[in-house]
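Numbering (the working numbering), first residue to last: 2 to 641.
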């Protein structure tokens, strides 16, 4: 009995120690779970921050491009903004800032009434010229028409007179208020003084013709009647306005060939109109319907006479033969006008068409020569198709194959201004040039050359010696990597820059670090190393700045690559650095083999104190390793 008590005492102590060990294991398990949850939250937080940083970074990869210091500030650096302002200020102020309230047609007309001089190159003056030109065309067509054809009657005479005097009023406004306020060039400067502009207009031959065009011969209507419209012939002397309007529009529109064609067609139609009026007047003098040659008087007089004059002027033939000497003389004059005058006008139209299509003709000729040369060399058909595709896309984008030939005809200053307007936004994205001298940037913008790549073309390959810097103007290019360069690392869009570090002679940084391929049709600007060296040869300070800037970019790129590599390694497994739980002691395994598997003690040792069980309809929770739990477990074990 005493031995039983002694054994029971030792078993009790043993089970108590086992329970204490189990409770300590459970506490370690809780600590392990809390550590894992904290690590999981921290890993997801870091991953979200990395993704957010990647979204805020520019699309240009670090290995081949520059990285702006502040991704939120999209404005160009102060130096580039100053270049834009300087370029605008170098032009005439009238072309840099529009006049308030002059955006619409009527706004431009109203602005003419201001007490100021007018710029002959601005839209408001061109709009006024258009109105005066319409009045002049009205007089040119209507005066001979009403003087010969019976289109003016007693019923519609007030309407015709109202139109006539409205045109005269516009003539008067032009002579009295508009032309005296036009600015003019004198010794290379625009003269804007109102008294000087008025004196300049009065001294011109145009002023004398404008005054003659307003001669009030209409007062003789009281003597000869309103049917004598030849009194309005002086209105045709304002032809200078007609020529000036077409000259101004020819210099302003993007397609001047249409304007030139319209002016030539106007000349042709007006000559036919005069011939039709002369034919009807001659028929009236001879008597309508007196023979087969004169107008018969049937149908619309103007349309029939205009048709006759068109066939005569163009020498189509099949006209009625003249029967009298006067008719033969009229036909001879009409044929001579058709042979000489219309031949000159048709020749002008041909020259206009040839000039308009000259570039396209040269382009087609060059394509044919290139394809013929490739056929002689037995170049594969797929390469010939790519060459043809390149020619076609280049022509559609630029409408020229050699833009340098066009730009070389301009002065150096004008070429620089054009290049700044075209390239300043693109060049401002290159961090390498942010601190350079303004004069150096003006030289660099002239060195940029456009290059077009077809879909799938390799722009540069990894390991090549870099001799050019590329700026994406339109399209998309892909940075390739991985095995066999089949993985797309990044996609560069409009405004992205890559390869600028290779422009400088820095040891170990002359080779390309990635392969770049054109995704579709891409238009890029290229700056060659030779052009950069030529431009910075006279700027030693700029050389030091560029080299220092390049070294900073190289260091930033190296740091970014290391960070990216670490982020990639951490992103592969979110929960890393797992801490192994402590190994279960052997004593616990021995006790678990002794006690029954379905007993509460085995359940407690196997699942820990977090598990619950039901005793006497009461749920017991052993969440904390307390002495009460140990006693309860011992009582349960003794009851078994």
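Here a beta-carbon is modelled for each residue, glycine too, at the ideal position from N, C-alpha and C.
Secondary structure note for residue 203: it is in no beta strand (DSSP E), and the uninterrupted alpha helix (DSSP H) holding it is 195-203. Bridge pairing for residue 491: 480 [DSSP]. DSSP places residue 241 inside the alpha helix (DSSP H), whose first and last residues are 240-253.
Here residue 244 is exposed: its Cβ has fewer than 16 other Cβ atoms, across all protein chains shown, within 10 Å.
Its chain contains 481 as the residues whose beta carbon lies nearer than 8 angstroms to that of residue 487, once the 5 sequence neighbours on both sides are disregarded; these appear in chain order. When secondary structure is reduced to three states using DSSP, residue 469 falls in the strand class. Within the segment 376-448, the complete alpha helix (DSSP H) segments of 4 residues or longer fall at 382-399, 404-408, 413-428 and 439-446, listed in chain order. Sequence-distant partners of residue 332 (beyond 5 residues in either direction) whose C-beta falls short of 6 angstroms from its own C-beta, in its chain, are 323. Taking a cut-off of 8 angstroms for Cβ pairs, the segment 449-458 and the segment 386-393 touch, as three or more such pairs fall below it. Under the criterion of beta carbons closer than 8 angstroms, residue 445 and residue 428 qualify as touching, at roughly 7 angstroms.
One Cα belongs to residue 221, the other to residue 211, and the distance between them is close to 20 angstroms. With contacts defined by Cβ atoms closer than 8 angstroms, residue 140 and residue 236 form a contacting pair. In this structure, residue 248 sits away from residue 215, with a CB-CB distance that is not shorter than 8 angstroms.
Going by beta carbons, residue 280 and residue 309 fall inside the 8 angstroms limit. C-alpha of residue 424 to C-alpha of residue 477: approximately 18 angstroms in a straight line. Boundaries of the alpha helix (DSSP H) around residue 311: 302-314. Rounded to the nearest whole angstrom, the CA to CA distance from residue 356 to residue 349 is 10 angstroms. In the structure shown, the three-state DSSP call for residue 463 is coil. Scanning 459, 325 and 363 for the CA closest to the CA of residue 292 turns up 325.
By the beta-carbon neighbour count (other beta carbons within 10 angstroms, threshold 16), residue 556 is exposed.
Straight-line measurement puts the Cα of residue 127 at about 14 angstroms from the Cα of residue 260. Contact check for residue 449 against residue 522 fails: the beta carbons are separated by 8 angstroms or more.
Remark: fewer than three beta-carbon pairs, one from each stretch, lie closer than 8 angstroms, so the segment 200-207 and the segment 120-137 are not flagged as touching. Contact annotation, residue 463 with residue 516: C-beta distance approximately 5 angstroms; criterion of less than 8 angstroms satisfied. In summary, residue 354 is exposed, with fewer than 16 beta-carbon neighbours lying within 10 Å of its beta-carbon over all protein chains present. Around residue 227, the same chain offers 158 as residues with beta carbons nearer than 6 angstroms, after the five sequence neighbours per side are excluded.
Around the beta carbon of residue 376, fewer than 16 other beta carbons lie within 10 angstroms, which makes this residue exposed. With distances taken between CA atoms, residue 346 lies nearest to 265 out of 559, 473 and 265. Buried is the label assigned to residue 471, since at least 16 other Cβ atoms lie within 10 Å of its Cβ. Straight-line measurement puts the Cα of residue 231 at about 36 angstroms from the Cα of residue 252. Apart from the 5 residues on each side of it in sequence, residue 329 sits with its Cβ closer than 6 angstroms to the Cβ of 323 in its chain, given in chain order. Within the model, the alpha-carbon separation for residue 258 versus residue 277 is close to 29 angstroms. Residue 223 sits in a helix when the DSSP states are folded into three classes. Bounds of any beta strand (DSSP E) do not take in residue 157, whose DSSP letter is neither H nor E. Judged by DSSP secondary structure, residue 329 falls within the alpha helix (DSSP H) whose first and last residues are 326-337.
The three-state reading of DSSP puts residue 192 in strand, counting E and B together.
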